[in-house]
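Enquirer: The structure follows.
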Amino acid sequence: MIGRLAATARFAAVVALTYLGLLAATFFIGRVMPIDPVIAIVGDRAPEHVVQRVRAELGLDRPLTTQFAIYVRKALSGDLGTSVLTARPVAEDIRKTFPATLELATCGILIGAGLGVPLGVWAAVRRGGWADQAVRVMALVGYSVPIFWLGLMALLVFYAKLGWVGGPGRIDVAYEFSVPTVSGLLLVDAALAGEWEAFGNALGHLVLPASLLGYFSLAYIARMTRSFMLHELAQEYIVAARAKGLSEARIIWRHALRNAMVPLVTVIALSYAGLLEGSVLTETVFAWPGLGQYLTNSLQNADMNAVLGATLVVGTVFIALNLLSDLLYRVLDPRTRAR
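What the sequence shown shows, in the working numbering, is residues 690 to 1028, in sequence order.
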């Protein structure tokens, strides 16, 4: 009992310190960036006394430690400041844009993990064969081809030339106001409202960007799955299982993959976090109104409150997914619980 309480206390302390480190990193990076938030608000031709007055109103004339303490207190209460670009609270902007990124990244990781794991297993089982070579080439291409170029080519071919999928944006204008916002996830909201035409239209817009993100995560997941499976297939318990006469399918899917899934959970969780934080280019190419596009627009307009708020949210998601993968790791591998 005491051991569990101590472990829980250590876990809580690690979470608190990690989040404090994230707050410190976003705050000080924001201060060293060559962007003056006051000039972004008043303009570079404003009189000096106006600049100083706004600087005092924002608290930027105070010592850096005081500014950081105020920043932490506000961030913990959910106050991320006001966006210069939209004139709305940053937290409200993020609440509107994040579901679009979440929907896109979730579909991307479902595609990536749903195809990447079987392909990695397939390549490991047929090591050195044509299937193994094909999966390795596909993974290499996934790493090598710039995502914005592939996105533009996909739009040109599948939207402009063939017309198989929806174009840029999240949904056609004709359906934009037909779906009541409940969760912010357009597919979910359209299904809940019974707006199936809007659902199909939103799905058509989602196919290309989600497939693009899914392909990049697939390349990484398939490569790591192959590596973990090769390690497991070389273990003695696999030899013993074959000696007992178990079928090859049972050995691969119920024994080897089960053990390979322990480290693979971390790989999938980090890939998901990477999609959530790294979909900036994809959202820009496909005019996807998510957090990545919001962050890009904020950077272009020197909107520091929005930049820091979006960065903080992305970092929080990354920490949460890391913690989740750590918990899943402990569930899947009982040996780690005693450490």
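Think of the CB as a built atom: it goes at the ideal place given N, C-alpha and C, for glycine as much as any other residue. Small disclaimer: the values here were computed from a predicted structure and weren't measured.
1) Who are Pro-778's beta bridge partners in DSSP?
2) Have a look at Cys-796 and Ala-899 and give me their C-alpha separation to the nearest angstrom.
3) From which residue to which residue does the alpha helix (DSSP H) around Asp-725 run?
4) For Thr-771 and Val-727, I'd like the C-alpha separation in whole angstroms.
5) Going by other Cβ atoms of all chains shown within 10 Å of its Cβ, with 16 needed for buried, is Gly-1099 buried or exposed?
6) Whole angstroms is fine: what's the gap from Phe-975's alpha carbon to Gly-856's?
7) When DSSP labels each residue in this structure, what does Ala-976 get in the three-state scheme?
8) Work out the CA separation of Ile-798 and Tyr-864 for me, nearest whole Å.
9) Would the beta-carbon of Gly-998 fall within 8 Å of that of Val-779?
10) By Cβ distance, which residues of its chain are closer than 6 Å to Met-913, with the 5 residues on each side in sequence left out?
11) To the nearest angstrom, how far is it from the Cα of Ala-887 to the Cα of Phe-837?
12) Can you tell me where the alpha helix (DSSP H) with Leu-1016 in it begins and where it stops?
13) Have a look at Asn-1011, Ser-766, Asn-890, Thr-775 and flag the residue whose alpha-carbon is nearest the alpha-carbon of Val-854.
14) Look at the alpha carbon of Gly-805 and the alpha carbon of Ser-906, and state the distance between them as a whole number of angstroms.
15) Considering Ser-916, what are the terminal residues of the alpha helix (DSSP H) in which it resides?
16) Output the boundary residues of the alpha helix (DSSP H) element that contains Thr-755.
17) Identify whether Ile-860 lies in helix, strand or coil by the three-state DSSP scheme.
18) Whose C-alpha, out of Tyr-909, Thr-707, Pro-835, Ala-880, is nearest the C-alpha of Pro-807?
19) Tell me which residue opens and which closes the alpha helix (DSSP H) that Asp-821 is part of.
20) Using the Cα positions of Gly-832 and Gly-979, report the straight-line distance between them to the nearest angstrom.
21) Taking C-alpha atoms, which residue in Glu-972, Leu-747, Ala-938 lies nearest to Pro-788?
22) Quick one: give me the first and last residue of the alpha helix (DSSP H) that His-738 is part of.
23) Roughly how many angstroms lie between the CA atoms of Trp-811 and Leu-712, to the nearest whole one?
24) By DSSP, does Ser-968 sit in helix, in strand, or in coil?
25) Among Ile-1008, Gly-893, Leu-829, Thr-697, which one has its Cα closest to the Cα of Ile-860?
26) Is it right to say Gln-982 is buried, meaning 16 or more other beta carbons lie within 10 angstroms of its own, or is it exposed?
27) At the level of alpha carbons, what is the spacing between Thr-1005 and Leu-922?
28) Between Leu-876 and the rest of its own chain, which residues show a CB-CB distance below 8 Å, the 5 nearest in sequence each way excluded?
29) Got a sec? Which residues, its chain only, sit under 8 Å from Asp-768 by beta carbon, not counting five neighbours each side?
30) Less than 8 Å between the CB atoms is what I'm expecting for Leu-631 and Leu-901, so what's the real figure, rounded?
31) To the nearest angstrom, report how far apart Met-993 and Val-830 are at their CA atoms.
32) What is the rounded straight-line gap between the Cα of Pro-1029 and the Cα of Ala-991?
33) What residue range is occupied by the uninterrupted alpha helix (DSSP H) comprising Tyr-926?
34) If the criterion is Cβ atoms closer than 8 Å, does the pair Ala-958 and Leu-1013 meet it?
35) Within 8 Å, do at least three Cβ pairs link the stretch 759 to 767 to the stretch 702 to 718?
36) If you reduce the DSSP assignment to three classes, tell me which class Val-871 lands in.
Expert: Walking through what the data contain:
1) Thr-771
2) 6 Å
3) Segment: none, Asp-725 is in no alpha helix (DSSP H) and carries neither H nor E.
4) 13 Å
5) A question about residue 1099 goes unanswered here, because the residues of the chain that appear run from 690 up to 1028.
6) 7 Å
7) coil
8) 26 Å
9) yes
10) Val-956
11) 27 Å
12) 993 to 1021
13) Asn-890
14) 8 Å
15) 885 to 922
16) 753 to 765
17) coil
18) Tyr-909
19) 819 to 833
20) For the record, residue 832 in the displayed sequence is Tyr; it is not Gly. So the alpha carbons of these two residues sit roughly 24 Å apart.
21) Glu-972
22) 737 to 746
23) 43 Å
24) coil
25) Gly-893
26) buried
27) 37 Å
28) Glu-792, Phe-888, Ala-891, Leu-892, Leu-895
29) Pro-778, Ala-780
30) As displayed, the chain neither begins before 690 nor continues past 1028, which places residue 631 out of reach and without an answer.
31) 36 Å
32) This structure does not reach residue 1029, given that the chain is present from 690 up to 1028, and the question cannot be answered.
33) 925 to 932
34) yes
35) yes
36) coil
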